[in-house]
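In what follows, a structure is listed as structure tokens, so that the remarks can point back to it.
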Amino acid sequence: MLADIQTDDLTAVVRYALETTRATTACPFHCDVIVRIGDDAAESHAFERAKRIIRSDGTKWDKEALRIELGRQLGAAADGCCPKCDTTASCA
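When the count follows the working numbering, it moves up by one through the sequence shown with no breaks and lands on 1117 for the last residue.
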């Protein structure tokens, strides 16, 4: 899977880490909506995974840049369920 992402694109690296640790997921009905699962352990694991991704020049990402991007993506994600889905449906 790592071969499928651009390791020099910070946004893609963080998105990959969040998705593969199941900290976020795409709504199965609205692929443009990212849903935050709310699992603190998965989010911490995503940060650790992203820290270990090596860029094409052999360097690692700056931890502060990763924290900022992780926070941005988690903040932009819908909490728990997709807002485009029927609000009367269960988001469990």
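Glycine included, every Cβ here is placed at the ideal spot set by N, Cα and C.
In this text the structure is predicted, and so the values were computed from the model without any measurement.
Identify whether residue i lies in helix, strand or coil by the three-state DSSP scheme.
i	result
Arg1097	helix
Thr1032	coil
Arg1047	coil
Asp1065	helix
Val1038	helix
Lys1088	helix
Ala1071	helix
Excluding the 5 residues flanking residue i on each side, which residues of the same chain have their C-beta closer than 8 Å to its C-beta?
i	result
Val1058	Ala1051, Cys1052, Ala1103, Cys1107, Pro1108 and Lys1109
Ala1037	Ile1030 and Gln1031
Ala1066	none
Trp1086	Leu1035, Val1038, Ala1075, Lys1076, Ile1078 and Arg1080
Taking 8 Å as the cut-off, decide whether the C-beta atoms of residue i and residue j are in contact.
i	j	result
Ala1101	Ala1071	no
Glu1094	Val1039	yes
Thr1046	Arg1080	no
Val1060	Gly1096	no
Less than 7 Å between C-beta atoms, sequence neighbours within five positions excluded: which residues of the same chain meet that for residue i?
i	result
Leu1043	Thr1049, Ala1071 and Gln1098
Buried or exposed: which applies to residue i, given that a residue is buried once 16 or more other Cβ atoms fall within 10 Å of its Cβ?
i	result
Gly1063	exposed
Arg1077	exposed
Glu1068	buried
Taking 6 Å as the limit between beta carbons, can you name the residues of its chain near residue i, skipping five residues before and five after?
i	result
Leu1091	Ala1075
His1139	No statement about residue 1139 is possible, as the shown extent of the chain runs from 1026 to 1117 and does not include it.
Output yes if chain B places a C-beta closer than 8 Å to the C-beta of residue i; else output no.
i	result
Ser1069	No chain B appears in the structure shown, which is made up of a single protein chain.
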